[in-house]
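Worksheet: one structure, shown below.
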Amino acid sequence: MSQQQLSAGVCARLSEAAPDEVDGLGAGYTVQLLSIKKVNQTTSAAPAIDRYRIIFSDGVHFVQAMLATQLNDLVSRGEIIKNSIVVIDKLTCNFVQDKKLLIILDLQVVSKEEEKIGNPVSAPSSSILPPDTATETPEASTSTASRPVVSRPAAARPAASGGEGRSIYPIEGLSPYQNNWTVKARVTHKADIRTWSNQRGEGKLFNVTLMDETGEIRATGFNAAVDELYDKLEEGKVYYISRGRVNLAKKKFSNVQNDYEMTLERNTVIEECVDTTNLPTIKYNFISLASMENLQKDATCDVIGIIKEVGPLGEVVSKATNKSVAKRDLTIVDKSLYSVRMTIWGRQAETFTADDLPVVAFKGVKVGDFGGRSLSMLSSSYMSISPDIEEAHLLRGWYDGFGTDKTFQSQSNTMLPGGSSFSGFNRNEMRHLSDVKESQLGMSDKTDIFSTRATVMHIKGENIAYPACPTQGCSKKVTDIGDGWRCEKCDKTYERPEYRYVMSMAVADWSGQLWLQGFNDAGLAVFGKTADEIMEIKERNESDYNALMAHSAGKTFNFSCRAKQDTYNDQTRLRYGVSKMSSVDYYEEAKGLRDLIKESSWAR
DNA sequence: CCCCCCCC
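Residues in the first sequence are numbered from 1 upward in steps of one, following the UniProt record's numbering.
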């Protein structure tokens with residue numbers, strides 16, 4: 001790299017430009033980063049997002065700018081370091097204490113490791129730099145305890161010019177000290193209206209997440225603001241918003257990346273933006289599913305993958321609140337040949353459909369450590385099915401071209417003690433039945449999990465199904481009350497029940513045999529018929545039923561099981577439950593063996 | 001002014 005390749009003159013131009021001219025100067029400047037420094041945040045007691053101050057040079061002059069926080073990964077991953085050459089693709093300007101502050105919104109790395117080019121000096125106007133650093137040269141700025149830049153009390157002044165002649169403020173620059181702002185933001189999440197009731201009173205509220213190119217912020221409307229504004233905002237749309245209140249965020253309650261949050265008030269002005277140019281879009285920092293194991297539990301991350309499996313709709317009852325919520329597990333895979341379980345909740349779980357293995361992008365999903373690594377949507381997370389972004393198209397192309405053929409290593413079943421697996425059947429972690437007994441799985445207080453391949457030898461025929469509540473997600477046993485079937489849980493009476501399987505199966509492999517308890521999914525796998533159909537056969541013709549039971553033996557399945565002790569009538573016994581059961585797919589097995597051979601060192 | 005983000 002030479003001085004000629006840098007965009008000489010740009011630092012002087014940026015430095016001298018009036019604030020509302022900065023955006024108009026365009027972008028695409030090639031510059032050298034002379035310094036990258038973390039700025040200490042002293043205004044917020046809660047842990048803050050890192051902010052980086054950059055000094056960049058065009059070879060002649062240097063200026064100072066802030067790095068938009070969504071680019072922080074470039075620093076933390078070491079993709080930009082001192083002296084890296086970058087192209088600044090997008091730049092804006094903000095006002096702090098009447099000083100112009102440049103914010104780098106997007107950049108591309110041209111070359112990471114470089115020598116310093118030329119001998120640049122501070123750009124002519126000092127108005128870009130805060131007074132305490134205006135005369136510093138990059139080499140001399142050794143102070144690590146820099147003053148906070150963005151969140152100081154400051155005169156409110158609009159930063160950049162919007163399309164319709166209004167002044168648009170970047171979300172990253174919002175603080176309690178600015179008041180005359182308008183943001184142009186996309187609603188990336190809109191929650192349902194919630195009500196609360198506690199000692200201090202009761203009321204209703206809703207949350208939205210607002211996002212522009214510079215950042216995101218959570219906004220909440222209470223009571224009257226709910227009536228006034230809830231219907232005005234639609235997820236996915238872009239709005240001009242002004243006259244909201246900005247306060248310090250209580251970080252422990254939100255995963256939205258902002259030190260502040262916004263309260264929408266009755267007089268908050270919200271106007272839909274219909275101008276289709278330059279709308280804010282979601283910014284992702286995708287990580288590969290392979291690299292998930294490096295993340296801590298409860299961290300959030302962005303991932304993109306193919307939806308390989310859509311689990312059935314389930315229900316969990318929260319231990320904390322005793323409330324029931326719908327959930328659904330998805331399995332996503334990516335180019336790193338890893339798969340991971342992704343749990344979605346509530347209405348999203350109920351309405352989720354995905355026919356043809358779509359690409360789905362997730363932003364801000366929570367990392368769990370159950371059975372290895374798993375992911376879960378939060379209310380602040382964002383999911384986009386078949387997003388029109390480059391990464392999605394690349395993944396689509398790769399998967400359709402090569403991916404369908406691959407086997408994926410699950411993040412959600414590694415690292416369990418004893419090397420067992422979670423819900424997915426894992427060929428590498430399989431146990432023989434004798435091994436299950438000998439290693440005393442399920443004998444400790446917790447549930448142990450294992451995979452096995454075994455053949456069904458016998459199914460206890462007398463009681464293979466029970467009359468269940470037909471309400472989706474209930475499945476509780478109902479009782480015949482003469483003129484109908486009563487579900488205590490739903491407090492309803494139904495004309496007829498929906499039978500569901502509950503079976504004891506003896507299964508065997510070369511090493512031994514075991515009794516497994518299976519539920520509805522297991523019955524469907526064994527019989528290929530619903531329990532209703534089976535019960536109908538049983539009622540119509542007992543010998544047909546007996547023949548069916550006899551024929552059910554002899555088939556071989558892959559099982560995912562849980563071993564657990566339970567106590568019933570003062571008797572403690574070890575029970576093995578089937579969590580997943582599927583016919584052996586010999587084509588899949590052969591592919592798995594082939595991949596094993598490919599992976600083994602002697603074959604390389 | 002809410003504040004739960006769940007379960008195996």
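For each residue, glycine too, the CB sits at the ideal point set by N, CA and C.
**Message:** Can you give me the C-alpha to C-alpha distance between Cys301 and Glu438, rounded to a whole angstrom?
**Reply:** 40 angstroms
**Message:** Tell me the rounded alpha-carbon separation between Gln4 and Asp212.
**Reply:** 34 angstroms
**Item:** Residue interval of the alpha helix (DSSP H) (run including His432)
**Value:** Where His432 is concerned, there is no enclosing alpha helix (DSSP H), given that its DSSP letter is neither H nor E.
**Request:** Could you tell me how far apart the beta carbons of Phe559 and Leu516 are, in whole angstroms, since I believe they sit closer than 8 angstroms?
**Result:** 7 angstroms
**Asked** Taking three-plus beta-carbon pairs below 8 angstroms as touching, is the region 323 to 337 in contact with the region 289 to 296?
**Response** yes
**Asked** How about Thr30 and Ser2: are their beta carbons less than 8 angstroms apart?
**Response** no
**Asked** What are the uninterrupted segments assigned as beta strand (DSSP E) that are 3 or more residues long and contained completely in the region 34 to 117, given in chain order?
**Response** 51 to 57, 61 to 67, 85 to 96 and 99 to 111
**Message:** In the DSSP output, what is residue 608 paired with across the bridge?
**Reply:** In the structure as shown, the chain begins at 1 and stops at 604. Residue 608 is therefore absent and cannot be evaluated.
**Asked** Is the number of C-beta pairs between the region 225 to 236 and the region 179 to 189 that are closer than 8 angstroms three or more?
**Response** yes
**Span of the alpha helix (DSSP H) around Ala563** = Looking at the DSSP string, Ala563 is not in any alpha helix (DSSP H); the run it does join, the beta strand (DSSP E), is Thr556 to Tyr568.
**Prompt:** Going by the CB atoms, is the gap between Ile55 and Ser35 shorter than 8 angstroms?
**Reply:** yes
**Request:** Report the rounded CA-to-CA distance for Glu309 versus Thr351, giving the unit in angstroms.
**Result:** 15 angstroms
**Request:** For the region 400 to 408 and the region 369 to 388, state whether three or more C-beta atom pairs, one from each stretch, are separated by less than 8 angstroms.
**Result:** no
**Request:** Determine the direct distance from the alpha carbon of Met66 to that of Gly9, and round the result to whole angstroms.
**Result:** 20 angstroms
**Request:** Give a yes or no on contact between the region 467 to 483 and the region 492 to 501, applying the rule of three or more CB pairs nearer than 8 angstroms.
**Result:** yes
**Message:** Between Gly24 and the ligand ADP, is there a pair consisting of the residue's CB and a ligand heavy atom that are separated by less than 7 angstroms?
**Reply:** In the structure on display, the ligand ADP does not appear, and there are no ligands present to speak of.
**Item:** Residue(s) in a DSSP beta bridge with Val121
**Value:** His61
**Message:** By the DSSP assignment, the beta strand (DSSP E) with Arg575 in it spans what residues?
**Reply:** Gln571 to Ser583
**Item:** Local conformation of Tyr284 per DSSP, three classes
**Value:** coil
**Length of the line joining the Cα atoms of Thr116 and Ser84** = In the sequence on display, residue 116 carries Lys and not Thr. So the alpha carbons of these two residues sit roughly 9 angstroms apart.
**Request:** Count the C-beta pairs between the region 201 to 208 and the region 276 to 283 that are closer than 8 angstroms, then say yes if the count reaches three, no if not.
**Result:** no
**Request:** Return the bridge partner residues of Ile459 from the DSSP annotation.
**Result:** Met505
**Request:** Within its chain, find whatever has a CB closer than 6 angstroms to the CB of Tyr240; leave out the 5 residues flanking it on each side and keep chain order.
**Result:** Thr182, Lys184, Glu271 and Cys273
**Prompt:** Span of the beta strand (DSSP E) holding Leu516?
**Reply:** Gly512 to Gly518
**Item:** Beta-carbon proximity of Gly518 to Met430, cut-off 8 angstroms
**Value:** no
**Asked** How should Lys327 be labelled, buried or exposed, when 16 other C-beta atoms within 10 angstroms of its C-beta is the threshold for buried?
**Response** buried
**Prompt:** Starting from Gly397 and walking both ways along the alpha helix (DSSP H), at which residues does that stretch end?
**Reply:** Glu390 to Gly401
**Of the residues Lys323, Ile104 and Arg266, the one placed nearest residue 605, counting alpha carbons only** = In the structure as shown, the chain starts at 1 and stops at 604, and residue 605 therefore has no counterpart that could be examined.
**Prompt:** Residues bridged to Pro467 by DSSP?
**Reply:** Tyr499
**Message:** Are the CB atoms of Leu107 and Val63 within a distance shorter than 8 angstroms?
**Reply:** no
**Prompt:** Would Arg540 be called buried (16 or more neighbouring beta carbons within 10 Å of its own) or exposed?
**Reply:** exposed
**Prompt:** Helix or strand or just coil, what does DSSP make of Arg186?
**Reply:** strand
**Message:** Tell me the rounded alpha-carbon separation between Ser324 and Asn94.
**Reply:** 46 angstroms
**Asked** What are the boundary residues of the beta strand (DSSP E) that includes Cys273?
**Response** Per DSSP, Cys273 belongs to no beta strand (DSSP E) and is neither H nor E.
**Every unbroken beta strand (DSSP E) within the region 357 to 381, with a cutoff of 3 residues, ordered by chain** = 359 to 368 and 374 to 376
**Message:** Given this structure, state the Cα-to-Cα distance separating Thr567 from Val303, to the nearest angstrom.
**Reply:** 42 angstroms
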